[in-house]
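Input: a single structure, listed below in structure tokens.
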Amino acid sequence: MEIKLRKSRPNDWPIIQKLNLEVYINSYQFDPYMNPDDPDSEESTKGFQNDVNNPHKFCVIAEIGEEAVGYLVGGENNLSWRTNRRGEIYHMGVSPQHRSHGIGSLLVADFKKWCLEKGMTHIAATTYFKDSKARNFYEKQGMSPIDISLEGPIK
């Protein structure tokens, strides 16, 4: 199984949108308030179109043969209260049937290379706290938790 990474093209946004939907479906178990219509919304569609056309973003698709099996969209996202330059994985995913075969690691390695070329010193990603598979994956990529978001109902 040969995995090929390629830079996205302007007409690739539907591929990324489809792959993102697979990630989104998996995330329902961690967030009961997710909007099921969001992946296909006008706002999300415009976002995916922007991702593939923005020269300041990293947008790569992983393929096996002619089949798109994964993607990563990232960019520089520095925080004003921190002194490092960081690349952030805005969203990424690998089709469920192709997970645990190194595709995600290849995508992150390619993103790290891009970040280094741009002078960044760190990478970051956000995932659901209860998604231990995603947390473990990102930790294997050299990331460690630095903060946590908390949410609760107002009584």
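Per our numbering, residue 39 is the first one in the sequence shown, and the count goes up by one each step.
Glycine included, each C-beta is placed from N, C-alpha and C at the ideal position.
Since we're looking at a predicted model, the values are computed, not measured.
query: With C-beta atoms as the reference, is F149 less than 8 Å away from L117?
result: The residue given as residue 149 occupies position 111 in the sequence shown. The residue given as residue 117 occupies position 79 in the sequence shown. For F149 and L117, no; Cβs fall outside 8 Å.
query: Is there contact here, the stretch 166 to 173 with the stretch 127 to 134, by at least three beta-carbon pairs under 8 Å?
result: no
- request: Measure the beta-carbon distance from L145 to V98 and round it to whole angstroms, keeping in mind my assumption that it falls under 8 Å.
  value: Walking along the sequence shown from the start, residue 145 turns up at place 107. Walking along the sequence shown from the start, residue 98 turns up at place 60. The pair is a contact, with the Cβ atoms about 6 Å apart (cut-off 8 Å).
task: Would you mind reading off the limits of the beta strand (DSSP E) that contains L110?
output: For the purposes of this step, residue 110 is taken as residue 72 along the sequence shown, with counting starting at 1. First-last of the beta strand (DSSP E) with L110: E105 to E114.
- request: Per DSSP, which residues does K45 bridge with? Please list them.
  value: Position 7 of the sequence shown holds residue 45. For K45, which the question treats as bridged, DSSP gives the partners V98.
field: Neighbourhood of Q55 by C-beta distance below 8 Å, restricted to the same chain and skipping five residues each side
entry: Here residue 55 is taken as the residue at index 17 of the sequence shown, counted from 1. Here the set comprises P77, D78, S82, T83 and F86.
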